[in-house]
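So the sequences go chain by chain: Z and P.
The first sequence runs 0 to 72 under numbering that gives the first Met the number 0.
The second sequence runs 0 to 278 under numbering that gives the first Met the number 0.
In what follows, a structure is listed as structure tokens, so that the remarks can point back to it.
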Amino acid sequence: MNRLHINPKYCKGCLICVDVCPKKALKPAEKINAKGYILPEEDDMSRCTGCGLCEVMCPDFAIAIETEDQQER
Amino acid sequence: MKKHPMLKYMKETGPQGDRMPMIMCPGCGSGQVLNAILHAVDRLIQEDGARKENFVFITGVGCSARLTSHYLNFDSGWTIHGRTLAIATGALLANPELRIIVITGDGDTGAIGGNHFIHVCRRNLDLTIVCINNGLYGMTGGQVAPTTETGISTTTTPYGNTEESFDLCRLAEAAGAPFVARWTTAHPHQTIRTLTKGIRKKGTAFIEILSQCPVHKKQSPVQMLKALKQGTARVKPGEPPVEGKIPIGEFCNLDKPEWIQSYQKVLDQFSNHRTPVEV
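Encoded structure:
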């Protein structure tokens, strides 16, 4: 299963990644963080295909997807 | 923890401490444009074997100007307002090997730097001009810009803009730029493909990217991205634009002599017949 990495220092909670994910593998978190932002979190990562659209669309360089191939290395 | 793949081209810390997170407002399109540019540069480095030292990023003043020298691990210049292209011209003439990417905003290109912009397009210098168009002056408080569409309300036009807006792509095309394209931040993969083409192109490549300003237009970034997607329609060269929608796509890709090559021909003509100067 692909792994989701969100850098809580860089993310400003615009939630573009949640919207653009074609498989809806992400969801907004229920709690706000220390800076007052609602960060994205994983909903069901088994749906993630590793297309990388969230990485390409992220304005703050805060999200990364670790695909299964990368985990093996 | 795995990091974002494009952070390898960025400076996360500096002598004054951490540079990240970026200074942009949450959901700003400028970060997305930088992300797309870095993807395109990464593609050029991986596929063409382009040298990292040859890339130079130049910006002026505005929201878009904060993107390069603060965060990028490339040579970059943070220069004067509107004169971005003049300084890029100087850098290119000093070293024609450089691949110069100019990141400007709509105020930088269309308003104060309009004259420089027209003449760079006319001369056909080997520059890639990326214009982040959010349709207002974001950094100074959301005032009306030449690119604000008719009817849009800003802080200085609270009852809607009554002026006609500037179409920078048509301006660039008319001024003689051989490669002109427009995309939005809602089309990331198309933008990356066009940026790669534009940087490879020998000649002026003007790429306008329509972007969102969620703070001054008072909408959520997701809403604005959807509006950008719905309000635009792809147009191929020679096709008429769809009515009521902003045309996007690659508008022209012409083969024109690049200025430095033409000038080099003149220099070569005389370099063989040079007579020593007597003192």
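Think of the CB as a built atom: it goes at the ideal place given N, C-alpha and C, for glycine as much as any other residue.
Nothing here was measured: the structure is a model prediction, and the numbers come from that model.
Along chain Z, which residues have their Cβ under 8 Å away from the Cβ of L6 (chain P)?
Taking the first residue of the second sequence as position 1, residue 6 (chain P) is located at position 7. Those within 8 Å of L6 (chain P) in chain Z are F60.
Between N223 (chain P) and chain Z, is the shortest Cβ-Cβ distance under 7 Å, so that the two count as touching?
As a working mapping, residue 223 (chain P) is identified with position 224 in the second sequence. A small fix is needed here, since residue 223 (chain P) is Met in this sequence, not Asn. M223 (chain P) does not count as touching chain Z.
If I measure Cβ to Cβ from E207 (chain P) and keep anything under 7 Å in the same chain, skipping five residues before and after, which residues do I get?
For the purposes of this step, residue 207 (chain P) is identified with residue 208 of the second sequence, where counting begins at 1. Counting only Cβ-Cβ distances below 7 Å, and skipping sequence neighbours, we find C130, N132, L167, C168, R181.
Stretch pair the stretch 34-43 of chain Z + the stretch 48-56 of chain P: three plus CB contacts closer than 8 Å:
no
Runs of alpha helix (DSSP H) wholly within the stretch 12-46 of chain Z (minimum 4 residues, chain order):
15-19
Could you give the residue range of the alpha helix (DSSP H) that holds E54 (chain Z)?
Numbered from its first residue, the first sequence carries residue 54 (chain Z) at position 55. Unbroken alpha helix (DSSP H) run through E54 (chain Z): 52-56.
Let me make sure I understand the geometry here. Which of Z:K34, Z:P7, Z:K26, Z:C57 has the alpha-carbon closest to that of R46 (chain Z)?
To locate residue 46 (chain Z), count along the first sequence from 1; it is residue 47. Selected option, being the one with the closest Cα: Z:K26.
One question on the structure: do S164 (chain P) and T147 (chain P) come within less than 7 Å of each other, judged by their Cβ atoms?
Within the second sequence, the letter at position 165 stands for residue 164 (chain P). Within the second sequence, the letter at position 148 stands for residue 147 (chain P). Taking 7 Å as the Cβ cut-off, S164 (chain P) and T147 (chain P) qualify as a contacting pair.
Beta-carbon proximity check, A87 (chain P) vs I57 (chain P), cutoff 7 Å:
Indexing the second sequence from 1 puts residue 87 (chain P) at position 88. Indexing the second sequence from 1 puts residue 57 (chain P) at position 58. Yes.
Please confirm whether K11 (chain Z) and P25 (chain P) have their CB atoms less than 7 Å apart.
Walking along the first sequence from the start, residue 11 (chain Z) turns up at place 12. Walking along the second sequence from the start, residue 25 (chain P) turns up at place 26. Cβ distance < 7 Å, so K11 (chain Z) and P25 (chain P) count as in contact.
Cα-Cα separation, T83 (chain P) to N123 (chain P):
Here residue 83 (chain P) refers to the residue found at position 84 when the second sequence is read from its first residue. Here residue 123 (chain P) refers to the residue found at position 124 when the second sequence is read from its first residue. Whole-angstrom Cα-Cα distance: 16 Å.
Going straight from the alpha carbon of T155 (chain P) to that of A226 (chain P), what length do you get?
Counting from 1 along the second sequence, the entry for residue 155 (chain P) is found at position 156. Counting from 1 along the second sequence, the entry for residue 226 (chain P) is found at position 227. Those two C-alpha atoms are separated by around 23 Å.
So what does DSSP say about M19 (chain P), is it helix, strand or coil?
Locating residue 19 (chain P) in the second sequence gives position 20, where the first residue counts as 1. Three-state DSSP puts M19 (chain P) in coil, outside helix and strand.
CB contact flag (N1 (chain Z), I64 (chain Z), <7 Å)
Stepping through the first sequence from its first residue, residue 1 (chain Z) is reached at position 2. Stepping through the first sequence from its first residue, residue 64 (chain Z) is reached at position 65. Yes, these two residues count as a Cβ contact at 7 Å.
Check whether the stretch 193-208 of chain P touches the stretch 250-264 of chain P, counting contact only when three or more Cβ pairs, one atom from each stretch, lie closer than 8 Å.
yes
H215 (chain P) CB to nearest chain Z CB: under 7 Å?
Counting from one through the second sequence, the residue named residue 215 (chain P) turns up at place 216. So, not an interface residue.
From the DSSP secondary-structure annotation, give me the bridge partner or partners of G76 (chain P).
Residue numbering aside, residue 76 (chain P) sits at position 77 when the second sequence is read from its first letter. The partner list for G76 (chain P) (beta bridge, DSSP) reads P:I57.
Compute the beta-carbon to beta-carbon distance between I15 (chain Z) and C57 (chain Z), rounded to the nearest angstrom, for a pair I have assumed lies under 8 Å.
Residue numbering aside, residue 15 (chain Z) sits at position 16 when the first sequence is read from its first letter. Residue numbering aside, residue 57 (chain Z) sits at position 58 when the first sequence is read from its first letter. With a Cβ gap of about 7 Å, I15 (chain Z) and C57 (chain Z) count as contacting.
Looking at G30 (chain P): is its Cβ nearer than 7 Å to the Cβ of M23 (chain P)?
In the second sequence, counting from the first residue as 1, residue 30 (chain P) sits at position 31. In the second sequence, counting from the first residue as 1, residue 23 (chain P) sits at position 24. Yes.
So is M138 (chain P) in contact with chain Z if we call contact Cβ pairs under 7 Å?
Within the second sequence, numbered from 1, the residue matching residue 138 (chain P) stands at position 139. So, not an interface residue.
Go ahead and label S270 (chain P) buried or exposed: buried means 16 or more other beta carbons lie within 10 angstroms of its beta carbon, across all protein chains shown.
Here the question's residue 270 (chain P) lines up with position 271 in the second sequence. When all chains shown are included, S270 (chain P) counts as exposed.
Taking Cβ-Cβ distances shorter than 7 Å, what residues in chain P pair up with C13 (chain Z)?
Taking the first residue of the first sequence as position 1, residue 13 (chain Z) is located at position 14. Those are P25, G26, P220, listed as they occur along chain P.
Roughly how many angstroms separate the alpha carbons of G197 (chain P) and I191 (chain P), rounded to a whole number?
If you number the second sequence from 1, residue 197 (chain P) lands on position 198. If you number the second sequence from 1, residue 191 (chain P) lands on position 192. Those two C-alpha atoms are separated by around 10 Å.
C27 (chain P): which of P:P220, P:G230, P:V265 sits nearest, CA to CA?
Within the second sequence, residue 27 (chain P) is the residue found at index 28, counting from 1. Nearest C-alpha to C27 (chain P): P:P220.
Would you call the CB atoms of A174 (chain P) and I117 (chain P) closer than 7 Å?
Walking along the second sequence from the start, residue 174 (chain P) turns up at place 175. Walking along the second sequence from the start, residue 117 (chain P) turns up at place 118. The answer is yes: Cβ separation under 7 Å.
Does the beta-carbon distance from D59 (chain Z) to P20 (chain P) come in below 7 Å?
In the first sequence, the residue the question calls residue 59 (chain Z) occupies position 60. In the second sequence, the residue the question calls residue 20 (chain P) occupies position 21. The answer is yes: Cβ separation under 7 Å.
Helix, strand or coil: how does DSSP classify G109 (chain P) here?
Position 110 of the second sequence holds residue 109 (chain P). If DSSP states are grouped into helix, strand and coil, G109 (chain P) belongs with the helices.
Does the Cβ of E54 (chain Z) have 16 or more other Cβ atoms within 10 Å, making it buried, or fewer, making it exposed?
Working through the first sequence from its first residue, we reach residue 54 (chain Z) at position 55. With 16 or more Cβ atoms within 10 Å of its Cβ, E54 (chain Z) is classed as buried.
Neighbourhood of D279 (chain P) by C-beta, 8 Å cutoff - its chain only, sequence neighbours within 5 removed
The shown model of chain P, from 0 to 278, leaves out residue 279 (chain P), and the question about it has no answer.
Can you confirm whether D18 (chain Z), when its beta carbon is compared against all beta carbons of chain C, has any partner nearer than 7 Å?
Considering every chain present, this structure includes no chain C. Its protein chains are Z and P.
Closer than 8 Å by C-beta to A73 (chain Z): which residues in its own chain qualify, once you throw out the five before and the five after it? Chain order, please.
Shown here, chain Z extends from 0 to 72; a query on residue 73 (chain Z) therefore has no answer.
Answer with buried or exposed for H300 (chain P), where buried requires no fewer than 16 other C-beta atoms within 10 angstroms of its C-beta.
One cannot answer for residue 300 (chain P) here, as it falls past the ends of chain P, which runs 0 to 278.
Please list the partners that H80 (chain P) has in chain Z, where partner means a Cβ-to-Cβ separation under 7 Å.
Residue mapping note: residue 80 (chain P) aligns to position 81 of the second sequence, counting from 1. What H80 (chain P) touches in chain Z: nothing, since even the nearest Cβ is about 24 Å away.
Going by CA-CA distance only, name the one from P:D267, P:E249, P:D17, P:M5 that's closest to R42 (chain P).
As a first step, residue 42 (chain P) is located in the second sequence; it is residue number 43 there, counting from the start. Taking only the C-alpha atoms, the option nearest R42 (chain P) is P:M5.
Looking at the unbroken alpha helix (DSSP H) that takes in L209 (chain P), where does it start and where does it end?
For the purposes of this step, residue 209 (chain P) is taken as the residue at position 210 of the second sequence. From DSSP, L209 (chain P) is part of no alpha helix (DSSP H) but of the beta strand (DSSP E) over 204-209.
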